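One structure below.
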Amino acid sequence: MSTLETGLAIARALHIALALAAWGLPAFALLVVGKAPPGEARDGLAATLRRWTGRATAAALASGLVWFAAQAAVFVGSATPAAVMGALAPTAATRYGHVMLLRLALLVAALAVGRQTSIRTLATVLGLSLALHAGVGHVAVTLDAASLPGLLAEVLHLLAAGAWLGGMVGLLMALSSRSLAADLAVRFSPLGVTCVTLLAATALLNGVTLIGTLAGLIGTTYGHIAIAKAGLFALMLGCAALNRWRIAPGLARGTVSLGALRACVLVELGLGTAVVALAAWLASIVPGVHDQPLWPFARKLSGEILSDPDYGSMAWKALGLTTLGIIALIGVAFPPGKGAWRRPSLKRRAVEAVLAAGFLWFGIPDLDLLTVEAFPTSYWSSPTGFTAASVAQGAALFPGHCARCHGVGGAGDGPDAAKLSIPPADLTAHHLLDHSEGDIFWWLTHGMPDPDGKLVMPAFADQLSEDERWALIDYIHTLNSGTTVAEAKGVWTWGMPAPELDLNCPAESALARAGSLADLAGHPLLLAIGYAEVPPQAVAAVQATSVVPIIVSTDPDRAPPATACGSTSPEATVAYRTIGGAPEGPLLVLVDSRGALRTVWQGPFPATPAAVALLTAKAEEAERHPFATGGGGHHHH
1 MSTLETGLAI
11 ARALHIALAL
21 AAWGLPAFAL
31 LVVGKAPPGE
41 ARDGLAATLR
51 RWTGRATAAA
61 LASGLVWFAA
71 QAAVFVGSAT
81 PAAVMGALAP
91 TAATRYGHVM
101 LLRLALLVAA
111 LAVGRQTSIR
121 TLATVLGLSL
131 ALHAGVGHVA
141 VTLDAASLPG
151 LLAEVLHLLA
161 AGAWLGGMVG
171 LLMALSSRSL
181 AADLAVRFSP
191 LGVTCVTLLA
201 ATALLNGVTL
211 IGTLAGLIGT
221 TYGHIAIAKA
231 GLFALMLGCA
241 ALNRWRIAPG
251 LARGTVSLGA
261 LRACVLVELG
271 LGTAVVALAA
281 WLASIVPGVH
291 DQPLWPFARK
301 LSGEILSDPD
311 YGSMAWKALG
321 LTTLGIIALI
331 GVAFPPGKGA
341 WRRPSLKRRA
351 VEAVLAAGFL
361 WFGIPDLDLL
371 TVEAFPTSYW
381 SSPTGFTAAS
391 VAQGAALFPG
401 HCARCHGVGG
411 AGDGPDAAKL
421 SIPPADLTAH
431 HLLDHSEGDI
441 FWWLTHGMPD
451 PDGKLVMPAF
461 ADQLSEDERW
471 ALIDYIHTLN
481 SGTTVAEAKG
491 VWTWGMPAPE
501 LDLNCPAESA
511 LARAGSLADL
521 AGHPLLLAIG
531 YAEVPPQAVA
541 AVQATSVVPI
551 IVSTDPDRAP
561 PATACGSTSP
571 EATVAYRTIG
581 GAPEGPLLVL
591 VDSRGALRTV
601 WQGPFPATPA
611 AVALLTAKAE
621 EAERHPFATG
631 GGGHHHH
């Protein structure tokens with residue numbers, strides 16, 4: 001992180017901590033203190049909580065302004081006063097700016113009416129300001145129906161965190177009166193349990209969304225910080241459990257001192273502050289699901305062997321025996337049932353333990369069948385977006401760097417193939433799809449050794465840039481697809497995505513804002529590539545159906561017709577002819593509404609009613625039988 005980004009993270013952490021306190025204090029006053037028996041001590045604490053709520057609100061407002069200025073500085077890449085002042089208006093015009101200005105306005109409102117309004121109203125205003133913070137987090141990057149569960153979880157997470165940490169501060173303020181502190185500690189416990197449950201559930205939901213996979217957890221900075229945050233949260237849970245089961249009851253009985261409660265609450269607050277700081281750090285970096293994880297182990301889990309005709313049964317047996325062994329061990333440690341059945345004899349436990357050990361003894365050794373070799377980049381994915389331009393770049397690089405061994409067509413039959421100690425891979429074979437993009441990237445970068453450690457495939461790190469290596473991978477996947485599709489007579493039987501193209505659509509059409517194939521998700525597409533001319537009436541006939549025609553001109557000097565979505569892309573010919581295994585000449589490609597390629601053929605653009613009806617039938621058939629994924633190989637839109 002740069003100095004500006006570090007300052008931004010600190011400002012964000014400070015503001016979040018103060019905003020949590022500004023909501024948590026009145027929440028504690030309303031939900032806990034307000035239910036205590038009336039008296040001078042309770043009224044005095046309520047007044048103290050209201051005063052500190054005002055101070056926390058003022059501090060949250062000030063820190064929010066600092067955070068806004070820090071965001072403006074990062075926006076322009078300069079922290080000079082003139083640069084920051086000039087960036088304030090553009091920052092305010094962003095979604096972050098809209099949300100922050102509304103949040104800050106609510107804080108101002110809370111300050112203005114804080115002394116006159118009820119504690120319930122004050123808590124509502126401050127709670128709303130805190131809840132809106134979810135609108136500037138990672139989960140709000142795409143505001144659509146799919147993001148609503150994550151957004152709601154983030155709102156609940158913020159409110160629960162504020163109520164819990166605010167309750168800790170409130171308990172500290174109540175320590176001047178032993179009887180009140182004991183009463184509030186007991187009353188706070190149900191609220192604390194609710195908050196902890198919400199925090200754990202919402203953190204798990206959004207953690208899975210933002211971290212993605214095991215690789216994202218253990219192989220990215222985001223994942224490492226999330227692990228640290230979870231560890232601190234677990235310690236907070238330990239403090240909360242100690243407070244709930246030992247300290248609060250002990251205070252009520254008079255067997256535990258106020259010092260014990262004070263120490264426990266201070267430790268819990270310290271841990272909570274650290275958790276808030278880590279949360280702010282997480283909000284300032286790329287989520288693990290969008291990062292390239294570095295896998296730290298030499299093996300990774302893989303279920304490919306389970307369908308293998310030779311070793312699949314062995315893998316299933318190992319998995320089953322190990323599962324039975326684990327279940328048996330759990331039964332030994334926690335006997336089921338009641339009464340005598342729950343107190344088995346030592347002899348019976350020994351028999352069960354031996355049985356469990358036997359299952360594990362015969363199951364564990366073969367579990368390695370469920371792993372495959374892994375590399376640090378095994379879980380990397382292509383950053384190219386699988387564009388036609390990237391495929392064409394890879395096609396230009398392939399002859400000079402790969403064809404001598406793998407052959408012009410990628411079948412492993414190049415002129416140097418016979419000289420190698422291990423035959424070069426057939427890049428057209430189906431097993432290519434068993435290897436991740438990250439594995440192939442590692443081999444292209446570092447080479448591939450034979451059993452003796454001698455490189456049979458050279459390392460290209462010094463010859464090709466990262467972008468060029470990724471372009472080669474894109475081309476290799478299209479080459480593999482083309483061979484399979486040619487054998488299947490122009491039909492894709494798995495979810496291979498269409499190489500991305502930039503588009504221009506008619507300004508007066510409903511698709512005017514579409515700038516790429518991805519923008520047309522939800523519509524089946526017909527790509528007409530390389531046609532010298534497409535009759536307007538034919539375009540109109542297809543447009544009258546559910547299929548959107550895309551006219552792709554491969555001649556930079558010939559623009560597609562203005563009445564249809566189109567693209568001028570010389571690279572499209574290379575990409576789509578290769579991926580479809582098609583010979584020279586214009587071609588038609590049907591893409592389903594999920595962006596997956598379905599069929600490719602050559603012939604006239606559909607113009608007759610019969611041809612249009614056949615196209616519509618193909619599109620409808622594709623929609624009735626979607627592929628399991630919207631992407632093929634390891635590319636995904």
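Residue numbering for the sequence shown follows full-length UniProt numbering, starting at 1 and increasing by one per position.
Think of the CB as a built atom: it goes at the ideal place given N, C-alpha and C, for glycine as much as any other residue.
Nothing here was measured: the structure is a model prediction, and the numbers come from that model.
Query - Where R598 sits in the DSSP three-state scheme - result: strand
Query raised in the report: Is it buried or exposed for P287, if we count other Cβ within 10 angstroms and need 16 for buried?
Result: buried
**Report entry** Where the alpha helix (DSSP H) containing P609 begins and where it ends
**Finding:** 609-624
Query - Anticipated Cβ contact below 8 Å, A215 with W295, distance rounded - result: 6 Å
Requested in this report: For E352, collect the residues of the same chain with a Cβ closer than 8 Å to its Cβ; drop the 5 residues on either side in sequence, then sort them by chain order.
Outcome: A328, G331, V332, P344
Query raised in the report: Curious, which full-length alpha helix (DSSP H) runs of at least 4 residues does the segment 60-137 contain?
Result: 81-92, 95-113, 119-131
Report task. Over the uninterrupted beta strand (DSSP E) stretch that includes K300, give me the two end residues. Result -> 299-301
Requested in this report: Please state whether DSSP places W341 in a helix, a strand or coil.
Outcome: Reliability fails at W341, whose pLDDT of 49 lies under 50, so the model's placement of it is uncertain and no value is given.
Query raised in the report: Based on Cα-Cα distance, which residue from S313, L587, V485, L20 lies nearest to A572?
Result: L587
**Report entry** Contacts around A562, its chain only, beta-carbon distance under 8 Å, and the 5 residues preceding and following it disregarded
**Finding:** P506
**Report entry** Extent of the continuous beta strand (DSSP E) to which C565 belongs
**Finding:** 565-568
Query raised in the report: Under the rule that 16 or more other beta-carbon atoms within 10 Å means buried, what is F334, buried or exposed?
Result: exposed
**Report entry** Segments of 3+ residues assigned as beta strand (DSSP E) that fall wholly inside the segment 454-528
**Finding:** 455-457
Query raised in the report: Is it true that the segment 479-491 meets the segment 546-565, where meeting means three or more beta-carbon pairs spaced less than 8 Å apart?
Result: no
Query raised in the report: Looking at C-beta atoms only, is the number of pairs between the segment 607-625 and the segment 495-505 that lie closer than 8 Å three or more?
Result: no
**Report entry** CB of V33 within 8 Å of CB of L45, strictly
**Finding:** yes
Requested in this report: List in chain order: all unbroken alpha helix (DSSP H) runs of 4+ residues lying wholly within the segment 143-219.
Outcome: 148-173, 178-211, 214-218
Query raised in the report: If you compare alpha carbons, which of A241, G207, N243, M236 is closest to P226?
Result: The sequence given here has Ala at residue 226, not Pro. Residue G207 is the option with its Cα nearest to A226.
Query raised in the report: Can the beta-carbon of A11 be found closer than 8 Å to that of S63?
Result: yes
Requested in this report: Keeping to the same chain, check which residues put their C-beta closer than 8 Å to that of A512; ignore five residues upstream and five downstream.
Outcome: C505, P506
Report task. Using 10 angstroms around the beta-carbon of A340, count the other beta-carbons present and answer buried if the total reaches 16, otherwise exposed. Result -> In this prediction, A340 has a pLDDT of 47, which is less than 50 and means its spatial position is unreliable; what the coordinates show is noted afterwards. A340 should be labelled exposed.
**Report entry** Residue of P249, P560, L319 minimising C-alpha distance to P365
**Finding:** L319
Report task. Determine, using beta carbons only, whether V542 and L615 come nearer to each other than 8 Å. Result -> yes
Query - Helix, strand or coil at S307 [DSSP, three-state] - result: helix
Query raised in the report: Near S179, which residues of its chain fall below 8 Å by C-beta distance, leaving aside the five closest residues on each side in sequence?
Result: A41
Requested in this report: Have a look at the DSSP bridge pairing and note the partners of S553.
Outcome: T568
Report task. Counting only the same chain and skipping the five closest in sequence on each side, list residues whose C-beta sits under 6 Å from that of L18. Result -> A56, A59, A60, S63
**Report entry** Segment contact, 8 Å Cβ cut-off, at least three pairs: the segment 386-401 with the segment 414-425
**Finding:** no
Query raised in the report: What residues in its chain sit with their C-beta under 7 Å from that of F460, if we drop five residues either side in the sequence?
Result: H401, L444, T445, R469
Report task. Starting from T371, follow its DSSP beta bridges and name the residues at the other end. Result -> L301
Query raised in the report: Cα-Cα, which of G580, V491, A596 is closest to F627?
Result: A596
Query - Beta-carbon contacts of G447 that lie in its chain and below 7 Å, excluding the five residues immediately before and after - result: L455, M457, P458, A459
**Report entry** the segment 355-364 in contact with the segment 426-439 per 3-pair CB rule at 8 Å
**Finding:** no
**Report entry** Chain-order list of residues whose beta-carbon lies under 7 Å from that of L301 (same chain, five-residue window excluded)
**Finding:** L370, T371
Query - Beta bridge counterpart(s) of M448 as assigned by DSSP - result: M457
**Report entry** Environment of S465 [buried if 16+ CB atoms lie within 10 Å]
**Finding:** exposed
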